[in-house]
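Have a look at the structure below before the remarks.
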Amino acid sequence: MAASHAPASVAAATDGVIEENVMAILDSSGIKDSRDLHDDRAAFLEAVRSTCLASDNPSVPSWRMYDGVFQILQNSSSLELAVASFHLLTELGKQYPRTYVADSGGHQSLVVVKESWVPFLFGNGAVSSEIGGNVRSSDHLFDPSRFSLLIEAIVEPTNGTDDNNGIKAIENMMLFQYLVNTLEADFVPRQIATKESLDWVIFRESLLSMLLGSRKLVFKSFVKNCMCILLNQYYHEAKDDYEDIIPSERETESTSYHNFSLNYLSFELKKTLISLRKLFVMVMKLDLTRKEADTLGLTSRADRFRNSIMDIILDELTYNSSYLSPFLLAFVERKWKLEIILQYFSKYCGKGAVRTRRSDNSQEDLKLENVLNFFVTATSAKAIVRKMSAEIAQLLLTHAYQACLSAEDANSNSADTPEKVGATLQEISSNFIAAFQNIRKVSPDIQISPFEKEALFTAATLVRKLKSKER
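Heads up: the sequence shown begins at 1238 in this note's numbering, then just goes up one per residue.
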């Protein structure tokens, strides 16, 4: 939890000194030299760190402090300032959490410090300061529309030649990472607090739910843009796009610094992809919780309807089959990758009984064992291949088998994926090989990729080893 506070008079005096020239520090419209402006902002960041984190008696950062650091991240014009402001915001969030769980009578209860600063803006576009309740400008905060625009900016980086374009690309990626971290820091405690019993209101009031439920965010377009970022990872388009947009900060900068900037941008891109996958998983968990709440009759008209992220992803992968391979390679989260594959198959292999809002949850979902049974004979395999093509069937089965192997890893501490498998590893491996054999009977000329050959080799090896253990 938050660190102990300094005496009120000392804290107020220190905060006052830091805040006194915040606006002057952030204002770059005057005659101040850019080097001086850089130094002033760096000094401001260090002062906030010293007061709120490094002091023997740290004080809670004020709204103005948070605002100042956040605005520097958005308009740093310097790799040094962008990195420093990002790490400072991250550390402040950990030291002074807005949402957390606390022990209460033997169980975990949720605590939300509603007056705490957040980088998001919901509602009428104005926020009230903690000092005197004055309404302040909030142009720098992220409403749902601006969050969506940030994704678009990452998908389509500027192709100009301005010296700040490379820094702006890094700023955008760091902004996205920080915003996702903020969403996660608010979402995870809500999951912990509702482990014993589902309280949909707790999730409805999460930052993630409010963000995605806003009419200002076109959810389908948002998800499609996020998928583009994942696909770019596979096609290596990101590196090609950025190579020409990261000039030196000064014409006299050396080639080594240019290469460093390029490498750092590539590093931030990898971190952004991790944050994007994290966001996808959070939304999937939120959608699953919403589905459970619907079934139990816990939702109301206050909960705006939107398509689930899984439905949108499946539609995109169905109508753009060329996306399948790169998406499944980029989306490495085992449990949810397997869920996507199983639901993809359910579009072609038939679905179970349709559940109504008040129906029970007794109908079993499709499992990997069930999918492999669709390929148990050449005749049944032919029926599926007619609908989705042999190449797609092989690709999906291979990724599903890969997820199954990951679930069997001794280090795996999740029971979610094995429940979706439905059989022993030996049975799954044998049926996986049989499925490929029957697909080959239907499509004799089909090619098998190295990725698929490796999976088949692994399956055959496991079958031999497991059978030998039975003897």
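A virtual CB, placed ideally from N, CA and C, is assigned to each residue, including glycine.
Quick one: residues in its chain with C-beta nearer than 8 Å to the C-beta of Leu1448, no 5 flanking neighbours on either side, listed in chain order?
Phe1357, Phe1359, Pro1381, Phe1384, Leu1420 and Leu1454
Give the DSSP bridge partners of Ser1346, in chain order.
Ala1339
Can you find at least 3 beta carbon pairs, one from the segment 1528 to 1539 and one from the segment 1555 to 1568, that sit closer than 8 Å?
no
Thinking C-alpha only, which one of Leu1416, Ser1705 and Ser1313 is nearest His1275?
Ser1313
Please report how far the alpha carbon of Leu1554 lies from the alpha carbon of Cys1641, in whole angstroms.
21 Å
Which residues DSSP lists as bridging Phe1673, in chain order:
Phe1673 pairs with nothing; no bridge assigned.
Measure the beta-carbon distance from Glu1606 to Val1679 and round it to whole angstroms, keeping in mind my assumption that it falls under 8 Å.
At roughly 21 Å, the Cβ-Cβ gap does not stay under 8 Å, so Glu1606 and Val1679 are not in contact.
Pull up the distance between the alpha-carbon of Phe1328 and that of Ile1629, whole angstroms please.
Reading the sequence as shown, one finds Glu at residue 1328 and not Phe. Going by the C-alpha atoms only, they are around 45 Å apart.
Helix, strand or coil at Phe1711 [DSSP, three-state]
Any question about residue 1711 goes unanswered here, given that the chain covers just 1238 to 1708.
Ile1676 classed as buried or exposed, judged by whether at least 16 other C-beta atoms fall within 10 angstroms:
buried
Would you mind reading off the limits of the alpha helix (DSSP H) that contains Arg1701?
Pro1687 to Glu1707
Leaving out five residues before and five after Ala1239 in sequence, what residues of the same chain have Cβ atoms less than 8 Å from its Cβ?
At Ala1239, the pLDDT of 45 sits below 50, so the modelled position is not reliable; the number obtained from the coordinates is stated separately. Val1297, Gln1332, Tyr1333 and Pro1334.
Opening and closing residue of the alpha helix (DSSP H) in which Glu1283 lies
Ser1271 to Arg1286
Where does Lys1704 land, buried or exposed, given buried means 16+ other C-beta within 10 angstroms?
exposed
Given a cut-off of 9 Å on the beta-carbon distance, is the pair Arg1427 and Ser1443 in contact?
yes
Of all Cβ atoms in chain B, is any one closer than 9 Å to the Cβ of Lys1522?
The displayed structure is made up of one protein chain only, and chain B is not part of it.
Between the Cα of Ile1404 and the Cα atoms of Lys1351, Asp1340 and Leu1502, which residue gives the shortest distance?
Leu1502
Who are the near neighbours of Ile1429 in its chain, counting only those whose CB is closer than 7 Å to its CB and skipping five residues on each side?
Val1338 and Gln1345
Buried/exposed call for Tyr1303, threshold 16 Cβ in 10 Å:
buried
Whose C-beta lies closer than 7 Å to the C-beta of Glu1433 among residues of the same chain, with five residues either side of it excluded?
His1344
I'd like to know whether the C-beta atoms of Ala1530 and Leu1662 end up nearer to each other than 9 Å.
no
Name the one or two DSSP bridge partners that Phe1379 has.
Phe1357
If you draw a straight line from the alpha carbon of Glu1393 to that of Thr1616, how long is it in whole angstroms?
46 Å
From Leu1378 to Lys1522, what distance separates their C-alpha atoms?
26 Å
Where do the ends of the alpha helix (DSSP H) carrying Ile1309 lie?
Trp1300 to Gln1311
Would you mind stating whether Val1613 and Leu1579 have Cβ atoms separated by less than 9 Å?
no
N- and C-terminal bounds of the alpha helix (DSSP H) containing Gly1403:
Asn1402 to Ala1430
By the 10 Å Cβ neighbour count, where 16 or more other Cβ atoms means buried, how is Asn1648 classified, buried or exposed?
Residue placement at Asn1648 is poorly supported in this model, since its pLDDT is 45, which falls under 50; the coordinates still yield a value, given next. With fewer than 16 Cβ atoms within 10 Å of its Cβ, Asn1648 is classed as exposed.
Short Cβ contact (9 Å threshold) for Ile1550 with Met1464:
yes
Applying the criterion that 16 or more other CB atoms from any shown protein chain within 10 Å of the CB defines a buried residue, is Glu1317 buried or exposed?
exposed
Please list, in chain order, all residues of the same chain as Lys1574 whose beta carbon is under 7 Å from its beta carbon, the five residues on each side excluded.
Leu1565, Phe1568, His1636 and Ala1640
Which word fits Leu1412, buried or exposed, when buried means at least 16 other C-beta atoms lie within 10 angstroms of its C-beta?
buried
With distances taken from CA atoms, which of Ala1618, Asn1462, Asp1548 and Tyr1560 is nearest Lys1584?
Asp1548
Spatial neighbours of Arg1286 within its chain, please: CB distance less than 7 Å, with the 5 preceding and 5 following residues excluded, ordered by chain position.
Leu1325
To the nearest angstrom, report how far apart Arg1623 and Phe1459 are at their CA atoms.
33 Å
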